[in-house]
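Residue numbers (our numbering), protein chains in the order written: chain A, 1 to 369; chain B, 1001 to 1516; chain C, 2001 to 2329.
Ideal placement from N, C-alpha and C gives every residue a C-beta, glycine not left out.
Since this is a predicted model, take the numbers as computed values, not measurements.
The structure appears right after this line, and notes come after that.
Following this line, the structure appears as structure tokens:
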């Protein structure tokens, strides 16, 4: 046993924190965001040779440089936020709804379908209501299917909802081919470009005013729903312990299905907003990966919908900035995905320092190595 | 050989956050000796041994093996030093065979040869006198078989120092006897053995020496032949206690719950309860005794509406003041919510407090809400009443918490239990069921709980107390129902019965099965 | 429907299947260690772009590229880049205990971003979309025995693929042997089933998880390499195909019930389902899109059926998706 080293203590040890004060936790997160900005800056510098100050100027210019850019930034923030708000109840229940992308698309497809079919026969307000309701129903169905299997047979929801995305994507591809305009373009084109039937009307003179109002109402509503409603309480209990829920007489099946119906419905409505309130067309990139990004938004915000506003804004701000820089330098838009990835990696990593503390080896520092 | 102890612990301290689990503990273990490590629940026995096994790392102190200081930073280090631990919760991979589990993690030369391993396993079994099938999957094994695999695993690795953490908690008396025979064989083979337990008769039966821990501190050691159970109890609890639980006569007992022909199968198709029939009376405490896993959990859950039962079962509830109500309320076939809505006030303190009775991420207020959140119209919950209730419970039961909104998951075990019991009693129940209500609690908190239960009994509540400590069952309860293998093996008067009688009933069917 | 059509269908199925087989086998190794890495699409992207970029710059700077160097440089670059993706995932989920699902999804966004960003850049440097020509490297990957042997139908069916199609099968079989017949494989499976048990048995859980995840990622990355070098002949297209193939690879892991040998026929079946519209007459372009849904629907069915049957051996590794911390209490 002589090879066993004497008095060796591990160099680093990790212990769970008893709890951390709020300012300290936010401090850690802010540091993570700053670090990610520095790393993103270095990345942009490496490909463009812009000096760091110029980098951040360009980012800001891309996101808020003109009134139109600001509104696009706000529009896209609202989109991401809307999906995040939709995911919040599912994640609070610890139901891994990876299927937002599909729920958004299916809501978008049905909106586009109605917009095309009834654009000439129904007045816009009626059309908007019908599209909203149908997109909600579509998203709802997309959420309820995996939820039902989870509730009844405990089928893995992460993988199920993931597969549902691709079913929705293929349905979208099918519809794009079906509604192709002009023929051969492989796109649907802008629907009702002349009549603007079924488009969101301007509110307070702003094209995207209705988007903002709808999403903010949902954000506040979801916050209240989760925190103060009886349903919200049931979601908390189920998310914490299924056994406790059964003990308290809560039907886990019912809550699972109901919550996923709500989650899917809001994601479906996000599809409606994306089509009727923004792009006025449909394609497989209508959701554009936001269904996945929003998962991360919802998770990082720990289901607090107000915190989601900040995270969504931060992500979209940097994406817009990255796209701006990319177009200036004749690079492509995918730069924004790289930046998104960098930020998210940093924020994800920072959670560790909030939950754990690292203990360095004590006085025997000299013996290291 | 006799001069140096196999293992020496010197001034070991281990903290978890603010809790000191072990404080300045020093202890020697010798070869060819069985040492009992005795202490109450939560006295730090398992934590101390986990540091020998490499699961935890001590904050302060030193460990010596054969006189040489060693660092045990991982279980591998422990094995390298010849130390092997058989944990209370078996560390086996369910989908592996016995042989696969045993060779797991070994760094032997050559390719994986399960045949050779099986031969060696059989050889070890023969030497010490037990039997396992190396090709059997763990998920097909009984508890006793799994334990055997754990012991063989440790021996296969050439361990000279074996630590057994409460090995008898899950065994029948016959299995326990067989285990002790094996331990004596190993002792004769020169191995050092530590058995963690709080069962005094086993200490007296199997060990050569006893070391006692109390609240994380080392109290001392004695040779088994020089001591008595009474003396050990004194060491364990600090001062001589006869429990002296206040037990008034039952207050005009009337039938409250008539349980008939309850049979339950679990999800794997194993029969957990077999035709259980009894009556719980209002105004008395009915104790339920049995070896762990004899169907206690399933019985309480069946009454609470959480277990599907086989047809033919009946659980009839007779409200207070209407003992002659011929119909009563039938609980079988009702969900917990339906039971509640039919006017039955059923309070239930389950075994798994945070996993079943409470919402760990919420504070006391949020947990009070669990029973009352449906109250009131509208979609929002009423927060005022539960907050008031939380403050009352905090006050009356001395719950130590920074605030009523502090997540209960972060409270200590005793405080968690007070929150749970406080909430359940606040419902003004007519039936109160508790499972292992004092497990892991200190003596003062335990007495608080006993008094609360007795108080409820005097209010005419039918109290059902599932316990593991026979002394407490005998002094607290009015009648004791004994479960054995899912069957009722007897119902006895707690005032006149003896520990021996109850102990015998706990193993009755096993014996019959063994003899048949 | 002619026999030529059927042969073409089967060939397409094998090519397509090979991409997802690599992805799935790598992911099986990763998941056996208890890590559910949803970053497979991102990792396949990283493998694809790294291999392509490496051989692009090699061929750019060497007018007469050596084929062996072409092969080695692209192969190593692809494996290393993908394994680095795995390392990033491992660091976040194992060391920093970040949530596995969220980290995996982020890796997919990040990997796709990196690959398409630089892929676009390479396209620009080469003079336009579809213009990257790593002709020498691609020809190595696409070399096959069919042209040499001329065995007719048999040759077309079994010998008409680049070496990586056969490598995938070899890796799958070797993986099964490794997981089931070696000590290290046994230990690894224990880590994924019950890390506390593995830890108590003296297995370094962290090291196993890191290695399995990084090597698994490297193998998954080979799917991306095969796709860029063989399937689309050494070009780059940012049309999202790698991503959808990556998700199919994740689906295939479930379909194969975590057995790499099942992944062999499973991947060809997925390929077949994806391309089955080729032999169905009279389909419009839109109908084809509906047929492409089949592999996902089949996976859903398998998912549901395994959850109904509850057979112990077919379940995912018991600790899949969970972080392990020894002193957790």
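(request) Would you grab the beta carbon distance between residue 265 of chain A and residue 136 of chain A for me? Rounded to a whole angstrom, and I think it's under 8 Å. (result) 4 Å
(request) Leaving aside the five residues before and after residue 1253 of chain B along the sequence, list all residues of the same chain whose C-beta is less than 6 Å from its C-beta, in chain order. (result) 1281, 1283, 1284
(message) Once DSSP output is grouped into helix, strand and coil, what is the label at residue 2013 of chain C?
(response) Look at residue 2013 of chain C here: in three-state DSSP terms it is helix.
(message) For residue 231 of chain A, report the span of its alpha helix (DSSP H) as first-last.
(response) 230-240
(message) Excluding the 5 residues flanking residue 48 of chain A on each side, which residues of the same chain have their C-beta closer than 7 Å to its C-beta?
(response) Within the same chain, Cβ atoms closer than 7 Å to the Cβ of residue 48 of chain A are found at 325, 329, the five residues on either side in sequence being excluded.
(request) Taking residue 237 of chain A as the query, report the chain B residues whose CB atoms sit under 8 Å from its CB, ordered along the chain. (result) 1359, 1370
(request) Would you tell me roughly how many angstroms separate the C-alpha atoms of residue 1473 of chain B and residue 1465 of chain B, rounded to the nearest one? (result) Going by the C-alpha atoms only, they are around 8 Å apart.
(request) Following the continuous alpha helix (DSSP H) through residue 2264 of chain C, name the residue where it begins and the one where it ends. (result) 2260-2275
(request) State the Cα-Cα distance for the pair residue 2289 of chain C and residue 2267 of chain C, rounded to the nearest angstrom. (result) Residue 2289 of chain C and residue 2267 of chain C: Cα-Cα distance of roughly 19 Å.
(request) Count the C-beta pairs between the stretch 2239-2250 of chain C and the stretch 2057-2064 of chain C that are closer than 8 Å, then say yes if the count reaches three, no if not. (result) no
(request) Just the chain C side, please: which residues come within less than 9 Å of residue 1079 of chain B by C-beta, in chain order? (result) 2201, 2202
(request) Answer with yes or no whether the minimum CB distance from residue 1105 of chain B to chain C is below 7 Å. (result) yes
(request) Report yes or no: is there a C-beta of chain C within less than 7 Å of the C-beta of residue 1134 of chain B? (result) no
(request) Helix, strand or coil for residue 1073 of chain B, going by three-state DSSP, please let me know. (result) Residue state, collapsed to three classes: coil.
(message) Quick check on residue 50 of chain A - is its C-beta less than 7 Å from some C-beta in chain C?
(response) Cβ-Cβ to chain C under 7 Å: no for residue 50 of chain A.
(request) State buried or exposed for residue 2033 of chain C, treating a residue as buried only when at least 16 other CB atoms are found within 10 Å of its CB. (result) buried
(message) In the DSSP assignment, the alpha helix (DSSP H) including residue 403 of chain A goes from what residue to what residue?
(response) Because chain A here runs from 1 to 369, residue 403 of chain A falls outside it and cannot be looked at.
(message) Which residues in chain A have a C-beta closer than 9 Å to the C-beta of residue 2125 of chain C? List them in chain order.
(response) Correct list: empty, because the minimum Cβ distance to chain A is about 11 Å.
(message) Distance check for residue 95 of chain A and residue 2099 of chain C, CA to CA, integer angstroms please.
(response) 14 Å
(message) Considering only DSSP beta bridges, list what residue 1131 of chain B is partnered with.
(response) None, per the DSSP bridge assignment.
(message) Please list, in chain order, the chain B residues whose beta carbon lies closer than 7 Å to that of residue 26 of chain A.
(response) Result: empty, since nearest Cβ-Cβ is about 19 Å, beyond 7 Å.
(message) Which residues of the stretch 2154-2186 of chain C have a Cβ closer than 7 Å to any Cβ of chain B? Give them in chain order.
(response) 2181, 2182, 2183, 2186
(request) With DSSP as the reference, label residue 176 of chain A as helix, strand or coil. (result) helix
(request) Give the straight-line distance between the Cα atoms of residue 154 of chain A and residue 99 of chain A, rounded to the nearest whole angstrom. (result) Taking the straight line from one Cα to the other gives about 17 Å.
(request) Mind listing the chain C neighbours of residue 332 of chain A? Cutoff is C-beta to C-beta under 8 Å, in chain order. (result) 2116, 2117, 2120, 2121, 2238
(request) Note down, in chain order, every chain B residue with its Cβ under 8 Å from the Cβ of residue 2313 of chain C. (result) 1095
(request) On a CA-only basis, which of B:1035, B:1084, B:1317 is nearest residue 1054 of chain B? Give me that one, please. (result) B:1084
(message) Buried or exposed for residue 2308 of chain C, going by 16 or more other Cβ atoms inside 10 Å?
(response) exposed
(request) Closer than 6 Å by C-beta to residue 1279 of chain B: which residues in its own chain qualify, once you throw out the five before and the five after it? Chain order, please. (result) 1255, 1258
(message) Under 8 Å, with one C-beta from each stretch per pair, do the stretch 338-357 of chain A and the stretch 2103-2111 of chain C reach the 3-pair mark?
(response) yes
(message) Can you give me the C-alpha to C-alpha distance between residue 2231 of chain C and residue 2165 of chain C, rounded to a whole angstrom?
(response) Their backbone Cα atoms lie some 11 Å apart in a straight line.
(request) Determine, using beta carbons only, whether residue 298 of chain A comes closer than 7 Å to chain B. (result) no
(message) Comparing C-alpha positions only, which one of C:2235, C:2215, C:2012 sits nearest to residue 2025 of chain C?
(response) The shortest C-alpha to C-alpha distance from residue 2025 of chain C to any of C:2235, C:2215, C:2012 is the one to C:2215.
(request) Report yes or no: do three or more beta-carbon pairs, one from the stretch 2061-2078 of chain C and one from the stretch 2202-2213 of chain C, lie closer than 8 Å? (result) no
(message) Cβ closer than 8 Å: which chain C residues qualify as neighbours of residue 1453 of chain B?
(response) Correct list: empty, because the minimum Cβ distance to chain C is about 29 Å.
(message) On the DSSP letters alone, give me the boundaries of the alpha helix (DSSP H) that residue 1415 of chain B sits inside.
(response) It spans 1413-1426 - the alpha helix (DSSP H) in which residue 1415 of chain B sits, taken as one unbroken run.
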